[in-house]
Amino acid sequence: MRIGAHVDPADPLAEAAARGAEAVQFFLADPQSYKNPEPREDAERLRASDVDVFIHAPYRLNVASTNNKIRIPSRKLLMTHARAAAEIGAKGLIVHGGHVDGGDLAAGFANWRKAFEYAEKDGGLPLPILIENTAGGENACARRFDNLARLWDAVGEFGAGFCLDTCHAFAGGEDLVGIVDRVKAITGRIDLIHANDSKGGFDSGQDRHDNLGNGKIDPELVVAAIRASGAPAIVETPGGVEGQRADIALLRERSGA
Ligand SMILES: [Zn+2]
Numbered sequence: 001m002r003i004g005a006h007v008d009p010a011d012p013l014a015e016a017a018a019r020g021a022e023a024v025q026f027f028l029a030d031p032q033s034y035k036n037p038e039p040r041e042d043a044e045r046l047r048a049s050d051v052d053v054f055i056h057a058p059y060r061l062n063v064a065s066t067n068n069k070i071r072i073p074s075r076k077l078l079m080t081h082a083r084a085a086a087e088i089g090a091k092g093l094i095v096h097g098g099h100v101d102g103g104d105l106a107a108g109f110a111n112w113r114k115a116f117e118y119a120e121k122d123g124g125l126p127l128p129i130l131i132e133n134t135a136g137g138e139n140a141c142a143r144r145f146d147n148l149a150r151l152w153d154a155v156g157e158f159g160a161g162f163c164l165d166t167c168h169a170f171a172g173g174e175d176l177v178g179i180v181d182r183v184k185a186i187t188g189r190i191d192l193i194h195a196n197d198s199k200g201g202f203d204s205g206q207d208r209h210d211n212l213g214n215g216k217i218d219p220e221l222v223v224a225a226i227r228a229s230g231a232p233a234i235v236e237t238p239g240g241v242e243g244q245r246a247d248i249a250l251l252r253e254r255s256g257a
């Protein structure tokens with residue numbers, strides 16, 4: 001099992017070492033902005049490292065949006081982040097499933113498809129895009145798994161990958177028991193697990209991560225999801241080095257890894 005944490009981007013390898021992590025995830029630019037990533041001085045060290053690197057795209061990025069002013073910059077941002085992530089040897093770029101502003105989710109799925117078509121025309125994606133399930137909203141593309149199935153009908157042929165967030169699934173109203181099989185029946189793959197507990201209750205729609213065993217989720221179900229998926233896991237939990245190191249230790253201990 002490869003287990004790690006979402007960390008500050010200043011020195012991700014030092015953050016990984018401090019947590020005893022075999023994987024790290026970080027942002028390449030301010031997650032609340034449409035800024036393109038800057039080249040990194042530690043690119044070569046990151047590429048050469050034994051630590052698995054994953055990059056999380058900015059939250060603003062929403063290629064499903066029916067609003068041109070959001071969708072067009074989002075497509076461009078997807079490409080600049082994908083290239084910058086590949087440049088440092090990342091194994092995947094995690095992108096939230098996104099949402100549409102009105103009620104017509106069909107437009108959102110079509111827009112996802114167009115984002116992949118745009119990427120193909122623009123030279124292709126240099127690393128896997130891992131679409132992540134989200135916790136909230138009535139018009140989300142990847143909250144409920146019936147919608148995830150419609151999304152995959154639109155993007156599956158482009159080789160899209162999937163990142164399963166346990167907090168988002170629980171708060172989004174999807175049962176964690178047997179969840180890996182249910183996801184794989186739709187996507188055929190799980191590339192990464194975001195191993196988070198949830199402060200919000202089942203189907204609350206609240207995206208509020210908690211340390212494992214502290215929130216509303218039975219940690220055994222998180223461990224079971226990691227095991228069943230065989231995918232690396234990243235904790236996106238509070239408490240800095242201490243909090244995340246404890247979460248990583250809990251996952252290793254309970255999984256016998
Ligand atoms: Zn997540």
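57 is the number that UniProt numbering gives to position 57 of the sequence shown; each next residue is one higher, with no gaps. Glycine included, C-beta positions come from ideal geometry on N, C-alpha and C.
In its chain, beyond the 5 residues on either side, Phe170, Asp197 and Ser198 have a beta carbon closer than 6 Å to the beta carbon of isoleucine 217.
Look at histidine 194: its beta carbon is less than 7 Å from one of the heavy atoms in ligand 1. For histidine 81, the CB stays at least 7 Å from every heavy atom of ligand 1. A check of alpha carbon separations from glycine 200 across Asn214, Gly188 and Thr187 identifies Asn214 as the nearest. For glycine 92, the uninterrupted beta strand (DSSP E) run begins and ends at 92 to 96, by DSSP. Burial is judged here by how many other beta carbons sit within 10 angstroms of a residue's own beta carbon; alanine 16 has at least 16 and is buried. Boundaries of the beta strand (DSSP E) around glutamine 25: 23 to 27. For the pair proline 128 and aspartate 52, the Cα-to-Cα distance works out to about 14 Å.
The distance from the Cβ of leucine 46 to that of leucine 13 is about 7 Å, consistent with a contact at the 8 Å cut-off.
For the 8 Å CB-CB criterion, histidine 99 and alanine 140 form a contact. With a 10 Å radius around the Cβ and a threshold of 16 neighbouring Cβ atoms, aspartate 191 comes out buried. Looking at Lys184, Ile3, Gly256 and Ala149, the one whose alpha-carbon comes closest to that of valine 24 is Ile3.
The residues Leu93, Ala119, Leu125, Pro126, Leu127 and Ile129, in chain order, have a CB closer than 8 Å to that of alanine 82 in the same chain once the five nearest residues on each side in sequence are set aside. With contacts defined as CB atoms closer than 8 Å, isoleucine 226 and alanine 5 fail to qualify as a contacting pair. Each of Phe109, Thr237 and Lys114 was checked against the Cα of leucine 212, and the nearest Cα belongs to Thr237. Distances from the CA of isoleucine 88 to each of Ile72, Asp104, Ile131 and Pro39 were compared; the closest alpha carbon is that of Pro39. In this structure, aspartate 165 has its CB closer than 7 Å to one or more heavy atoms of ligand 1. Of the candidates Leu78, Val183, Glu220 and Gly102, Gly102 places its Cα closest to the Cα of asparagine 67.
Listed in chain order, the alpha helix (DSSP H) runs fully inside the segment 62 to 106 are 68 to 87, counting runs of at least 4 residues.
Taking all protein chains in view, the Cβ of glycine 97 is crowded by 16 or more other Cβ atoms within 10 Å, so the residue is classified as buried. Looking at the backbone, the Cα of aspartate 175 and that of threonine 187 are separated by about 17 Å.
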